[in-house]
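Visitor: Right, I'll just put the structure down here and ask away after.
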Amino acid sequence: MARVARRVHDKRVLKLIRRYLHAGVMDGGLVHATEEGTPQGSPLSPRLSNIMLDDLDWELHERGQRFVRYADDGRIYVGSVRAGGRVTDSIVRYIEQRLKLRVNRQKSTVALAVQRPLLGFAFFATGTAGSAWRSLRRLSNDPRIGSVS
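0 is the number of the first residue of the sequence shown in numbering that gives the first Met the number 0; add one for each residue after it.
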């Protein structure tokens, strides 16, 4: 909450956020207390992620890294897989030690940009970007939309 309070100055909003975080989650008709963080899919989750990870953006910028981030989903672009391993180790340390956040290591990986779509977009070996095949497949299976060619 201290990090959130650096960006949000309205005490009523801070109080509302705190109450929301402590409200718990309903599962099967029962309310379960939340130990930490926001529930997955919460409308507050991407906003809090942007506040909490703003310092990471500045750190990456200071290091001269090329990156893109949306809420808690992001990519850092480096020149080789070996450099990716070094940057991953360094950034995970920064996030866990400096920001006091947990990194999901199962979702964190080093891969070529063409192998990892981001927010429904894919990067191609030609240096261009476009819709990811998985997104197009999902779209074409939606009966409300019709077929996509």
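Every residue, glycine too, gets a C-beta built ideally from N, C-alpha and C.
The structure presented is a predicted model; accordingly, all values stated were derived computationally and were not measured.
#1: Taking Phe123 as the reference, give the member of Ser134, Arg133, Leu111 with the closest Cα.
#2: Starting from the N-terminal side, write out each stretch of the beta strand (DSSP E) that is 3 residues or longer and does not extend beyond the segment 48–82.
#3: Just to confirm the assignment, what range does the beta strand (DSSP E) spanning Ala128 have?
#4: Could you please give the first and the last residue of the uninterrupted alpha helix (DSSP H) stretch that includes Val12?
#5: Pair every Cβ in the segment 2–9 with every Cβ in the segment 46–64, then say whether three or more of these pairs are closer than 8 Å.
#6: Do you know offhand how far Ser79's Cα is from Arg62's?
#7: Quick check: the Cα distance between Gly73 and Val102, rounded to an integer number of angstroms?
#8: Does the beta carbon of Gly40 come closer than 7 Å to any beta carbon on chain C?
#9: Sort out for me which residues DSSP pairs Asp26 with in a bridge.
#10: Name the two residues that bound the continuous beta strand (DSSP E) containing Ala121.
#11: Output needed for Tyr76: all residues of its chain with C-beta closer than 7 Å, excluding positions within five of it in sequence on either side, in chain order.
Guide: The short version:
#1: For Phe123, the nearest C-alpha among the options comes from Leu111.
#2: Entirely contained in the segment 48–82, the beta strand (DSSP E) runs reaching 3 residues are, in chain order, 65–69, 72–76.
#3: Boundaries of the beta strand (DSSP E) harbouring Ala128: 128–130, taken from the DSSP string.
#4: 10–21
#5: As far as the Cβ criterion goes, the segment 2–9 touches the segment 46–64, which means the pair count is three or higher.
#6: 17 Å
#7: So the two alpha carbons sit approximately 12 Å from each other.
#8: In the displayed structure, chain C is absent; only one protein chain is listed.
#9: In the DSSP output, where bridge partners are listed per residue, Asp26 has Leu29.
#10: 120–122
#11: Cβ contact annotation for Tyr76 (same chain, cutoff 7 Å, sequence separation greater than five): Arg65, Phe66, Ala112, in chain order.
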